[in-house]
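Undergrad:
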Amino acid sequence: MKNNKSEETKDLQTLMDKVPDHLFIKCPVCEENFYNKKLGEYKLCPNCGYGFRLGAQERINLTVDEFTPIDSEISAPKRFLGDEKYAGKLEKSKKATDLNESVQTGFAKIGDTEFALGVMDSRFIMGSLGTATGEKLARLFEQATERNLPVVVFSCSGGARMQEGIHSLMQMAKVSQAVSDHAEKGLLYISVLTDPTTGGVTASYAMEGDINISEPHTLIGFAGRRVIEKTIQQRPPKDFQRAETLLKNGFLDAIVKRDQMKSVLAKLLAWN
Amino acid sequence: MVKAYDRVLAARSADKISIQDLVAGITDDFMELHGDRAYSDDPAVYAGIGTIAGQSVTITSIQKGNDTDENIERHFGSAEPSGYRKALRLMKQAEKFNRPIINLINTPGAYPGMDAEYKGQGYMIAQSIMQGLKLKVPYISVIVGEGGSGGALALAVGDTVWALEDSIYSVLSPEGYATILWKDSSKAAEAAEQMQLTPKELLDNEIIDKIIPEVKDAKSMQNFKEALIEKINELNKLPKEELLAQRHERYRKFN
C-alpha cells in the first residue's frame, strides 16, 4: 500500500514537471492561480483586479499615445561608483530595464493633450530614489513649469536608495521643491501611486499631487511592514497599507483599474 | 580619531541635553503650544513661541524622553502624523506673523506604527517638506542628537541646517542600513563608517552648514544662542525673494 502511494505521487510529480512554470500564474494579492493568457495586455488578475508590476516602457505603451523621452542619459553620479557592489547592481538594472535610472521621464500625449510624464520602474534597484532619479524628476517638473504643462508621475519605489545614503534623502527635498514651484504656477500634478510605493517616495512627491490616485490593491506606505511588526510586536491585517485602506482613510482621491487609467487621465487633464 | 559609531552612540546618549533644556537655555521666555487641530497632540513634538534676545521666534522640535515613561509616551522621539501636522501648523503661523523658525531635531525617525500609517505618516512628512521649503520667514534647523531619515528631513528644509558636535544625520539608522544591505544588524558599526553620517562628513558634503560645539554647560549654551541670534539677524536682513532664492539653490544643488 505504502509503496503504491509513493508511486502515485511520483507519477503526479512527473506529470507536473511537464507543465511549464510560466503557464500558470499566482496572484500575489488574492493568491488565485490562473492560466497566464487570462492576464491580458493590462496584466490584471482576473479574480481581484490587481495589476501585476509593469516596466516603465510597458506602462508608457499602455497609457499614452505618444512619448518622447528626455534626459535618458542621466545616471548615478560617478562619485558613488567606487562601491563595486553598487556599481554592479546599477549595471544589472540597466541591462534588465534598458534605462539608465529608476525613472523614465519625457513628454507625452493622450489624444491632443500634451503633458510631462515620469514613470518609475521597480526592476531598477527596487525603483529606489537615487540622486539621478531625483535629478530627472526635478528637471521634468522644471521643464513642465517652463512650458506650462501638467505633470503625471507613476511612482513605484522601495524608497530612498540606501547605497547613496543621505544624498538620496536630499532628493526628497529637491523634487518636492520642483513640485511646489510647478504648483505655484497654477499647474496640475497628478500622482499615480503604483505597486509598491513606499518610504521616502511616499513621504515626498508621490503624496504631493493635486490628485493622488492608485490602482487596486497597491501597496502604499511609509514604514516597512517588518519594521512595524518589530516595533509593535503584532501583525497588521491583510489590507494594511493597501490602496483600499488609504482611500477609506482619506489619502487617495480614487482607485482606478489599469484598463481605465488612460481615459481617467485624459478626463482629469482636460478638466484642469 | 573618533570612530563613526562612537558618534552614533554619543548622539543617542542619555547624557545628551534634552530638547526642553535646550529651549529653556536659548530663549528668554517660552510657551509651549499644543495640538494639531485635527485629532491629537503628539508629545514627541515640543513646540511653541518664545523670545531670543527680544526677537519672537517659533520653535518646533522632536524630543526623546528623559525616563522610560516619557520615552514610551514620545515613542523614543518618533513623531506621528499628528506631530508633523502640529509642527507644520505652527510653522505656517510663524510665517503669518513674520517670526523666524527654529527647529530642533532629535529623532531616530518617524514612528513606524500601524496607526501612524493609517493617519498618513508619508503624506504629512511630504507636506511638511513641500510647504516648509516655501515658508517666507527665516528657517533654521539644528540636528541635536539623531537626525533619522524622512522624519528628520520633515523639519529640516530651511535656510540653514546645523548639527551639534555629537549628532548624526542619515537616510536610516546604521542598524537598518546593515540589515537592508548585508542582512545583519550587528554590522552597525561598519555601516556607520560607510554612511557619512557624522557632522564633519555632513559638512564636507554640504548637507549641513555648520557644526555647533556640543551644548553641555552655560558657556556652550551661550555660544549656541549667540550663533542663532547672529544667523537670525543675517537672514532677517534679506529681502523675502532673496531668502527664498538662496534656499531654493541650497536644495537644488544636490545632484
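The listed protein sequences correspond, in order, to chains S and G. Numbering (the working numbering) for the first sequence: 11 to 282. Numbering (the working numbering) for the second sequence: 179 to 433. The beta-carbon is built from N, C-alpha and C at its ideal position, and this holds for glycine as well. Quick caveat: nothing in here was measured; it's all calculated off a predicted structure.
1. Looking only at its own chain, which residues have a Cβ that is under 6 Å from the Cβ of S/LYS36, when we skip the five neighbours before and after it?
2. Please tell me whether S/GLY169 and S/GLY210 are closer than 7 Å, where the distance is taken between their beta carbons.
3. Between G/GLU420 and chain S, is there a C-beta pair that is closer than 7 Å?
4. If we cut at 7 Å on Cβ distances, does S/GLY61 have a partner in chain G?
5. What separation, rounded to the nearest whole angstrom, lies between the Cα atoms of S/LYS258 and S/PHE250?
6. Compute the Euclidean distance between the alpha carbons of S/MET11 and S/CYS55, then round it to the nearest angstrom.
7. Please list, in chain order, the chain G residues whose beta carbon lies closer than 7 Å to that of S/ILE242.
8. Taking S/GLY210 as the query, report the chain G residues whose CB atoms sit under 7 Å from its CB, ordered along the chain.
9. Please determine, among S/SER190, S/ILE221, S/ARG235, the residue with the shortest C-alpha to C-alpha distance to S/THR208.
10. Closest by CA to S/ARG171, which one among G/SER327, G/TRP340, G/LEU342, G/GLN309?
11. Does at least one heavy atom of the ligand MG sit under 6 Å from the Cβ of S/PRO226?
12. To the nearest angstrom, report how far apart G/VAL322 and S/GLN187 are at their CA atoms.
13. Alpha carbon to alpha carbon, how far is G/LEU421 from G/PHE275? Give it in angstroms, no decimals.
14. I'd like the list of long-range same chain contacts for G/LYS403, defined as Cβ closer than 6 Å, with 5 residues on each side in sequence excluded.
15. In the structure shown, what three-state DSSP assignment does S/MET11 receive?
16. Strictly below 7 Å CB to CB, what residues from chain G border S/GLU218?
17. With 7 Å as the threshold, decide whether the Cβ of G/GLU295 is near any Cβ in chain S.
18. For G/ILE389, decide whether its Cβ has a neighbour in chain S, counting only Cβ atoms nearer than 7 Å.
19. Are S/VAL237 and S/TYR199 closer than 7 Å when you measure CB to CB?
20. Would you say G/MET209 lies against chain S (beta-carbon separation less than 7 Å)?
21. Does any residue of chain G bring its CB to less than 7 Å from the CB of S/MET130?
22. Counting pairs of Cβ atoms below 8 Å between the region 343 to 353 of chain G and the region 294 to 310 of chain G, do you hit three or more?
23. Under 7 Å between C-beta atoms, does G/ILE318 make it to chain S?
24. By DSSP, does G/GLU324 sit in helix, in strand, or in coil?
25. Please decide whether S/ASN110 counts as near chain G, where near means a Cβ-Cβ distance under 7 Å.
26. Tell me which same chain residues have a C-beta within less than 6 Å of the C-beta of S/LEU229, skipping the five on either side of it?
27. With DSSP run on the structure shown, which of helix, strand or coil describes G/GLU371?
28. Within 10 Å of its beta-carbon, does G/ASP362 have 16 or more other beta-carbons around it, so buried, or fewer, so exposed?
TA: In short, the structure shows the following:
1. The residue you call residue 36 of chain S lines up with position 26 of the first sequence. So the list reads ASN43, once near-sequence residues are dropped.
2. Residue numbering aside, residue 169 of chain S sits at position 159 when the first sequence is read from its first letter. Residue numbering aside, residue 210 of chain S sits at position 200 when the first sequence is read from its first letter. Cβ atoms of S/GLY169 and S/GLY210: closer than 7 Å.
3. Your numbering for residue 420 of chain G matches position 242 in the second sequence. With 7 Å as the cut-off, G/GLU420 does not count as an interface residue toward chain S.
4. Mapped onto the first sequence, residue 61 of chain S falls at position 51. At least 7 Å separates the CB of S/GLY61 from every CB of chain G.
5. In the first sequence, residue 258 of chain S corresponds to position 248, counting from 1. In the first sequence, residue 250 of chain S corresponds to position 240, counting from 1. When rounded, the distance between both Cα atoms is 11 Å.
6. Locating residue 11 of chain S in the first sequence gives position 1, where the first residue counts as 1. Locating residue 55 of chain S in the first sequence gives position 45, where the first residue counts as 1. Caution applies to S/MET11, whose pLDDT of 46 falls short of 50 and renders its modelled position unreliable; the value that the coordinates give is listed next. Taking the straight line from one Cα to the other gives about 42 Å.
7. Position 232 of the first sequence, counted from the first residue, corresponds to residue 242 of chain S. When 7 Å is used as the limit between beta carbons, S/ILE242 is near these residues of chain G: GLY291, MET292, in chain order.
8. Taking the first sequence and counting its residues from 1, one reaches residue 210 of chain S at position 200. Within 7 Å Cβ-Cβ: GLY328.
9. For this step, residue 208 of chain S is matched to residue 198 along the first sequence. When only C-alpha atoms are compared, the closest one is S/ARG235.
10. Stepping through the first sequence from its first residue, residue 171 of chain S is reached at position 161. Of the candidates G/SER327, G/TRP340, G/LEU342, G/GLN309, the one whose C-alpha sits nearest the C-alpha of S/ARG171 is G/SER327.
11. No copy of the ligand MG appears in this structure; indeed no ligand is present at all.
12. The residue you call residue 322 of chain G lines up with position 144 of the second sequence. The residue you call residue 187 of chain S lines up with position 177 of the first sequence. Answer to the nearest angstrom: the Cα atoms are 25 Å apart.
13. As a position in the second sequence, residue 275 of chain G is number 97, starting the count at 1. As a position in the second sequence, residue 421 of chain G is number 243, starting the count at 1. Near 17 Å, if we compare the C-alpha coordinates of G/LEU421 and G/PHE275.
14. Within the second sequence, numbered from 1, the residue matching residue 403 of chain G stands at position 225. Excluding positions up to five away in sequence, the list reads ILE204.
15. On the first sequence, residue 11 of chain S is found 1 positions in, with the first residue counted as 1. Confidence is the limiting factor: at S/MET11 the pLDDT is only 46, short of 50, which leaves the residue's position unreliable, though a coordinate-based value still follows. Three-state DSSP puts S/MET11 in coil, outside helix and strand.
16. Here residue 218 of chain S corresponds to residue number 208 of the first sequence, with the count starting at 1. Those within 7 Å of S/GLU218 in chain G are ALA304, MET308.
17. Along the second sequence, one-based indexing puts residue 295 of chain G at 117. True, the Cβ-Cβ gap to chain S drops below 7 Å.
18. Mapped onto the second sequence, residue 389 of chain G falls at position 211. Any Cβ of chain S closer than 7 Å to the Cβ of G/ILE389 would place that residue at the interface, and such an atom is absent.
19. To locate residue 237 of chain S, count along the first sequence from 1; it is residue 227. To locate residue 199 of chain S, count along the first sequence from 1; it is residue 189. Cβ atoms of S/VAL237 and S/TYR199: not closer than 7 Å.
20. For the purposes of this step, residue 209 of chain G is identified with residue 31 of the second sequence, where counting begins at 1. Chain S contact via Cβ: absent.
21. By one-based count along the first sequence, residue 130 of chain S stands at place 120. It does not; no Cβ of chain G falls within 7 Å.
22. Between the region 343 to 353 of chain G and the region 294 to 310 of chain G, the count of C-beta pairs closer than 8 Å stays below three; the two stretches do not touch.
23. Here residue 318 of chain G is taken as the residue at index 140 of the second sequence, counted from 1. With 7 Å as the cut-off, G/ILE318 does not count as an interface residue toward chain S.
24. Within the second sequence, numbered from 1, the residue matching residue 324 of chain G stands at position 146. Looking at G/GLU324 - three-state DSSP - the assignment turns out to be strand.
25. Along the first sequence, one-based indexing puts residue 110 of chain S at 100. It does not: the Cβ of S/ASN110 has no partner Cβ on chain G nearer than 7 Å.
26. Your numbering for residue 229 of chain S matches position 219 in the first sequence. Excluding sequence neighbours, S/LEU229 sits near ASP205, PRO206, GLN251.
27. The residue you call residue 371 of chain G lines up with position 193 of the second sequence. G/GLU371 falls in the helix class under three-state DSSP.
28. Sequence index remark: in the second sequence, residue 362 of chain G carries index 184 (1-based). The residue is exposed, with fewer than 16 neighbouring Cβ atoms inside 10 Å.
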